[in-house]
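Beneath this line is the structure, given in structure tokens, with notes to follow.
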Amino acid sequence: MEPTDSNSKEQSLIRMIQRMLNLIIVLVVFIILLPLVMYNADSIVAWFKPANKIAITPPLPESVLVKEKTNDATISYWQPTPLDAVTDPTLREQVNYGKELIAHTAKYLGPNGSVLQITNGQNCQNCHLQAGTMAFGNNYGSVASTYPKFRARSGSSENIYKRVNDCFERSLNGKALDATSKEMQAILAYINHIGSNVTKGERALGSGLKDMAFLDRAADPTKGKAVYITKCQSCHQSNGEGVLQADNIEYSFPPLWGKHSFNDGAGLYRISNFAKYIKYNMPLGITHENPQLTDEEAWDVSAYVLAQSRPHMNVPNDWPDISKKPIDHPFGPYADTFPEKQHKYGPFKPIASNAKK
Ligand code: HEC
Ligand code: HEC
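Each residue of the sequence shown is one higher than the last, beginning at 0 in numbering that gives the first Met the number 0.
Rendered as structure tokens:
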């Protein structure tokens, strides 16, 4: 049957609509592809994550925050004795100098230090936040109250001089300070003063580092690298060497590995210390009440950082009683049969339960 006039008109109308639809589809696809054509893949990623901006994890759900807050309202963590509580002017000057040395160690004792050149350029404060006063920021709250004390690492009783010099030699990969020096005396006066509000023999609440559970698996440096890139690299840099301030004296962002970082005899070279420190303090600006890293991220990124190269320190006299070695001490010999690699990265649960026996 021949198509009627109206029928063919209808068909040409449908064809026109189809052509217009096709045109619209082509246009839409073109608009979507336009940025891909104009920018390379990197800059598209950069659109969503602007350079120089630190990726901040979305805020915690309200319910979690409220719970954390009410928890905290009932707990009062250690606060340092205020510095202006010191009335004697000579002592006050000494305590203030001690604080200054903790906060700006490099200025006085770094490679370009004005007093001595005995450290790698880091500040004590890099690892003892807010001059060693921040809750779970590896603070000095329990130092005055618990030293001198026996430490299994040296197998001897240690006073505060010895403990401070441990950090000079290991954490700052440097040389020990003479106990009688003005600088050591000032550091001692400061640590004793801020911790003078803690009863002798007791530990202050929130001092040192906050505890953290072991994973069921080994910490994974490969997964950790991805965490490092998204959550740490913007400050600590892709080579892990940090950023010096313009004066070349102090770091804006301290190195995490490489020749200017802490050595392998340092406390932070033990993965549990590293993971606890960063879980509750990094990225800088968080507090232990609002951590950003999951436990897995914290363990994995610790494994990644501790797998990189750093200065070596010979410590043949450490852990004279090997049965007292912490389970994550990364160097043998051990009292158990677990391999060195497992002592460095885990899994730690089997080692821990074996040690209990
Ligand atoms: C690279 C990080 C780092 C730096 C830098 C550092 N420390 Fe430490 N420090 C630690 C860690 C981690 C511990 C805990 C180690 C452990 O328990 O094995 C510690 C422990 C201490 C303690 C004992 C705390 C306690 O409660 O028993 C004192 C005191 C101390 N450091 C003083 C200093 C001083 C003073 C400086 C600067 C001269 C310094 N530290 C620099 C990481 C560091
Ligand atoms: C916003 C910048 C920033 C980000 C992001 C950041 N940090 Fe830090 N980090 C700092 C600064 C600054 C310090 C020193 C703090 C001070 O001196 O008060 C520091 C200190 C440290 C320290 C102790 C010092 C040392 O030299 O060993 C470690 C370890 C560390 N950061 C690890 C990390 C890890 C791991 C991440 C990622 C999960 C991270 N940081 C993310 C700024 C940052």
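Idealized CB from N, CA, C, for every residue including glycine.
Beta-carbon to beta-carbon, histidine 103 and lysine 209 are separated by about 26 Å, too far to satisfy the 8 Å threshold. Annotation for tyrosine 227: the continuous alpha helix (DSSP H) segment containing it runs 220-230.
Spanning the alpha carbons of threonine 80 and proline 147 requires a straight line of approximately 20 Å. Placement of the Cβ of cysteine 123 at a distance of 6 Å or more from every heavy atom of ligand 2 is found. Judged by their CB atoms, glycine 131 and isoleucine 101 are nearer to each other than the 7 Å cut-off.
Per the coordinates, the alpha-carbon of leucine 283 lies some 12 Å from the alpha-carbon of leucine 292. At a Cβ-Cβ threshold of 7 Å, glutamine 121 and proline 253 count as neighbours. DSSP places arginine 150 outside any alpha helix (DSSP H); the residue lies instead in the beta strand (DSSP E), whose first and last residues are 148-150. Annotation: the continuous beta strand (DSSP E) that includes phenylalanine 252 extends over 250-252.
If you check the CB distance, serine 233 and valine 242 do not come in under 7 Å. For cysteine 126, the distance from the CB to the nearest heavy atom of ligand 1 is below 6 Å. In this structure, Lys98 is the residue among Lys98, Lys355, Val300 and Thr221 with its C-alpha nearest to the C-alpha of alanine 188. For glutamate 157, the enclosing beta strand (DSSP E) starts and ends at 155-157. Alanine 274 is positioned such that its CB atom lies closer than 7 Å to that of methionine 211. Collapsing the DSSP output to three states places asparagine 138 in a strand. Note that the C-beta distance between leucine 214 and glycine 239 is not below 7 Å. Beta-bridge analysis with DSSP links isoleucine 285 to Leu283.
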